[in-house]
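Those protein sequence lines, which keep their order, are chains H and C. Counting the first sequence from 1 gives a position; the numbering used here is that position plus 148. Counting the second sequence from 1 gives a position; the numbering used here is that position plus 475. Yeah, the Cβ is synthetic: ideal placement off N, Cα and C, and Gly gets one too.
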Amino acid sequence: MLGPELNVVNWILASLPVALLIGTILWRKWSAPRAGGAAWLLAFALALPVFGANTDHVAIASAKGLSLALFVLSIVWTSVYMFNLVDKLDGIKVIGRTMAKLADDRLAQALLIAWGFASFIQGVTGFGVPVAVAAPLLIMLGFKPVHAAAMALVGHGWAVTFGSMGSSYYTIQLVTGFDGDVIGPHMALLFAPIVIASGIAVAAIHGGLHDVRRSLVMVIIAGSVMASLQVLMARLGAPQIASSVPAIFGMVTIALLTRTPLFSKEEGVTSPDDTTDDARGPMSFWLAFLPYLLLITLSVISQIGPVKDAVKDIMLALDYPGFETAEGFVVAAARDYAPIRILNHPAPLIMISVLLSALAIAKAGRWKQGAALEAVKLTYNQTLSTTLGVSLMVMMAVLMADTGMTVLLAQGIANASGPVFPLVSPFIGLLGAFMSGSNTNSNVMFGLLQVETARALDIGPVTIASIQSIGASVGSTMAPTKVLVAAAVVGLAGQEDQIFRKVTVAVLALVALTGVEALILVTLFENWTR
Amino acid sequence: MLSTATKKKMRNVALVLILVSFALLYLGAITLENDIVTALGLAVSGVTAVISWLAF
């Protein structure tokens, strides 16, 4: 026997923890830690009597979940800390204003900030920060609040999976067990139409079909540059910078193209305000940008063969034993599970970048007393809910996976959806991101489920794993948590529905495009999708 | 209903407890193979889930 038997009762019981998670977040408006904790308790209660697990199995699966959560959360904590520190030193304002000055057309500014700069911030931090920074910047430049919020949300959707230093990407890779050399470039290639379509969506939100036509050539060229670089970064084994680097080059391309006949300028724009309380004037752009520049440089250096080989065994990781449940579900032993490698994991690289930048900023006389500690406090408060939410949800997800519940769910979905599964798959990713507010959480909840379903249907599992994350990446931008942040920063608290309506249309179109893309691929290029 | 200040304190407690549960679960089920420590780890995880339910 290979695990619990597939029948209606078992399938319904296996679906209960996920149903509880979705139901409580969507309809009861529970937070991620609240819903995650309840779902883990329910999965625990079902695992013992129904799915043949014992307390040791539950303990091992839950500890594995926490190992995986630590891998992801260390990226969250360090990247949010770096952003907060640079912000406390007034660096983020300098970076944002410099970006705004690169274009002298309102639509070009919208693309530059909402599509480029927000995506760059997503690449290096995430967790609502892109919207929190880009939307006020757009307001500062004179954009309508609803447009500013919606454009900032939709514009960075393509950058979420490889963003936050690759935390969502690493999660789907770990959960599904695919080699990074296989799934990374594959997923990046599938992202290409979505990158371009995100730019088109920003233009559509800004000025409807008129602005789409006005910027189409520029968006296609800049989007192609961004998509190509995303594939290149993934191929080079640097997925942690596969959103930030393309976003930088995307911004440069947009800035250059606005000075050519390929883009038709229309209106004059407001110059960003350069005033500062500091008598020495604003910090230089390169000093403000130094932490991110160092991070990109270190990420590239860490991928050079001899460097990678020299430090590959320096890591924090735990070994987990295998086991077999009473229902005959076999879990293989895992050696060095979810390893945090000293020079091949974003968290240590971020901290090295922060340290070196702090020294340079202090040497330039721009350090502010207490900034480091203030950034720690802010980061702690900002990430506490995420920490508990991710931990409990990942515990639940790994417990479900290691007791055969996920496989059972997948078999049931496979039997029901059949050949149209590629169309449905990215919407499952979207659902997970919508209810949890996180691409990472969606990948944890549904990554393995999607791959097992694909295998049961004999459909390319690498493509399905990729579109799970793409659906979640784009879908996370319409999550209530992010929309609430957007509404708050543009002064539309209580009127979230206005933003939500604009974002939903664009996001659903992008996710449907992902499904069509996947259906075509698994039909015409079957071997490539495996 | 819990006050905002109490909820804030409980959130910090939940963070500490999840770290403690990680150590107990690993020690109990893998390092020591001790049923009591494992049960304690699961109990602390359960308490963390309940506190998270109350505080977030």
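(message) Counting C-beta neighbours from all protein chains within 10 Å, is the total for H:M149 16 or more, i.e. buried, or is it exposed?
(response) Summary for H:M149: the model assigns pLDDT 45, below 50, so the residue's position carries little reliability; its value from the coordinates is reported in the next sentence. The residue is exposed, with fewer than 16 neighbouring Cβ atoms inside 10 Å.
(request) For H:L464, name the three-state secondary structure that DSSP assigns. (result) In this structure, DSSP gives H:L464 an extended state, which the three-state scheme calls strand.
(message) Below 7 Å on C-beta distance, what does C:T513 contact in chain H?
(response) Ordered by position in chain H, the residues that pass the 7 Å Cβ test against C:T513 are T203, D204 and A207.
(request) Could you list which residues in chain C have their beta carbon closer than 7 Å to that of H:G585, in chain order? (result) Within chain C, no C-beta atom comes nearer than 7 Å to that of H:G585; the closest sits roughly 13 Å away.
(request) Assuming H:L435 contacts H:A512 (C-beta within less than 8 Å), just tell me the rounded distance between them. (result) Distance from H:L435 to H:A512 at the Cβ level is roughly 6 Å; contact confirmed, criterion being Cβ atoms closer than 8 Å.
(message) So, with DSSP's three-state summary, where would you put H:F569?
(response) Per DSSP, reduced to three states, the secondary structure at H:F569 is helical.
(request) Just list the alpha helix (DSSP H) runs in the stretch 535-607 of chain H, keeping only unbroken ones of 4 residues or longer that don't cross its boundaries, in chain order. (result) You should have 553-565, 569-584 and 587-605.
(request) Leaving aside the five residues before and after H:T531 along the sequence, list all residues of the same chain whose C-beta is less than 7 Å from its C-beta, in chain order. (result) The residues V224, W225 and V228, in chain order, have a CB closer than 7 Å to that of H:T531 in the same chain once the five nearest residues on each side in sequence are set aside.
(request) Using alpha carbons as the reference points, say which of H:L547, H:S590 and H:F291 lies closest to H:L189. (result) Closest by alpha carbon: H:L547.
(request) Can you have a look at H:T551 and say buried or exposed, based on whether 16 or more other CB atoms are within 10 angstroms of its CB? (result) Counting the other Cβ atoms within 10 Å of the Cβ of H:T551 gives 16 or more, which makes it buried.
(message) I need the DSSP call for H:E522, collapsed to helix, strand or coil.
(response) DSSP places H:E522 in helix when its eight states are reduced to three.
(message) Is the separation between the beta-carbon of H:D359 and that of H:L504 shorter than 8 Å?
(response) The answer is no: Cβ separation not under 8 Å.
(request) Would you verify that the beta carbon of H:R182 is, or is not, closer than 8 Å to some beta carbon of chain C? (result) Yes, because at least one Cβ of chain C sits closer than 8 Å to the Cβ of H:R182.
(message) Any C-beta of chain C within less than 9 Å: which residues of the stretch 460-477 of chain H qualify?
(response) If the cut-off is 9 Å between Cβ atoms, the stretch 460-477 of chain H has L466, D467, Y468 and P469 near chain C.
(request) In angstroms with no decimal places, state the Cα-to-Cα distance between H:S432 and H:Y440. (result) Whole-angstrom Cα-Cα distance: 14 Å.
(request) Starting from the beta carbon of H:T535, find every residue of chain C whose beta carbon is closer than 7 Å, and list them in chain order. (result) For H:T535, the chain C residues whose C-beta falls within less than 7 Å of its own C-beta are L490, listed in chain order.
(request) Say whether the stretch 476-493 of chain C touches the stretch 380-390 of chain H, bearing in mind that this needs 3 or more beta-carbon pairs closer than 8 Å, one atom from each stretch. (result) The stretch 476-493 of chain C, when compared against the stretch 380-390 of chain H, does not touch it at the 8 Å Cβ threshold.
(request) Between the Cα of H:A602 and those of H:F411, H:S346 and H:T554, spot the shortest distance and give me the residue it belongs to. (result) Of H:F411, H:S346 and H:T554, the residue nearest in Cα terms is H:T554.
(message) Here's a check: name, in chain order, each residue in its chain whose Cβ is nearer than 7 Å to the Cβ of H:F265, leaving out the five neighbours to either side.
(response) Annotation for H:F265: G244, M247, A282 and M399 place their beta carbon closer than 7 Å to its own, counting only its chain and skipping 5 residues before and after.
(request) Below 8 Å CB to CB, which residues in the same chain sit around H:V350 once its five sequence neighbours on both sides are set aside? (result) Excluding positions up to five away in sequence, the list reads A258, L259, A262, W263, M299, V302 and G303.
(message) Strictly under 8 Å for the Cβ-Cβ distance: is C:V525 near chain H by that measure?
(response) So, interface residue.
(request) Would you check if there are 3 or more beta carbon pairs closer than 8 Å linking the stretch 498-518 of chain C to the stretch 654-672 of chain H? (result) No, the stretch 498-518 of chain C is not in contact with the stretch 654-672 of chain H.
(message) Just to confirm before moving on: does the CB-CB distance between C:V489 and C:A530 stay below 8 Å?
(response) Strictly speaking, residue 489 of chain C in this sequence is Ala, with Val absent from that position. Going by C-beta atoms, C:A489 is nearer than 8 Å to C:A530.
(request) Indicate the three-state DSSP secondary structure (helix, strand or coil) for C:E508 in the structure shown. (result) Here C:E508 sits in coil by DSSP.
(request) With DSSP as the reference, label C:G516 as helix, strand or coil. (result) If DSSP states are grouped into helix, strand and coil, C:G516 belongs with the helices.
(message) Give me, in chain order, the residues of the same chain whose beta-carbon lies closer than 7 Å to that of H:L164; leave out the 5 immediate sequence neighbours on both sides.
(response) Within the same chain, H:L164 has close Cβ partners L190 and L194.
(request) Could you list which residues in chain C have their beta carbon closer than 8 Å to that of H:A186, in chain order? (result) Under the 8 Å cutoff, chain C gives A524 and W528.
(request) Note down, in chain order, each residue of its chain lying with its Cβ closer than 8 Å to the Cβ of H:V379, except the 5 sequence neighbours on either side. (result) Taken in chain order, the residues that qualify are P333, A336, L337 and A340.
(message) Just to confirm, is the Cβ distance from H:A620 to H:S590 under 8 Å?
(response) Between H:A620 and H:S590, the C-beta spacing is below 8 Å.
(request) Identify whether C:F497 lies in helix, strand or coil by the three-state DSSP scheme. (result) Three-state result, C:F497: helix.
(message) In whole angstroms, give me the CA-to-CA distance for H:I136 and C:L492.
(response) Because residue 136 of chain H is not part of the residues shown, which for chain H are 149 to 678, the question remains open.
(request) List the endpoints of the continuous beta strand (DSSP E) containing H:R483. (result) Start and end: A482 to R489.
(request) Please state whether DSSP places H:M149 in a helix, a strand or coil. (result) Low per-residue confidence applies at H:M149: pLDDT is 45, beneath 50, and the placement is therefore not dependable enough to give any value.
(request) Output yes if chain H places a C-beta closer than 8 Å to the C-beta of C:L507; else output no. (result) Chain H, which has no Cβ nearer than 8 Å to the Cβ of C:L507, makes this no.
(message) Taking the alpha helix (DSSP H) that H:V393 belongs to, which residues open and close that run?
(response) Element bounds for H:V393: S392 to L405.
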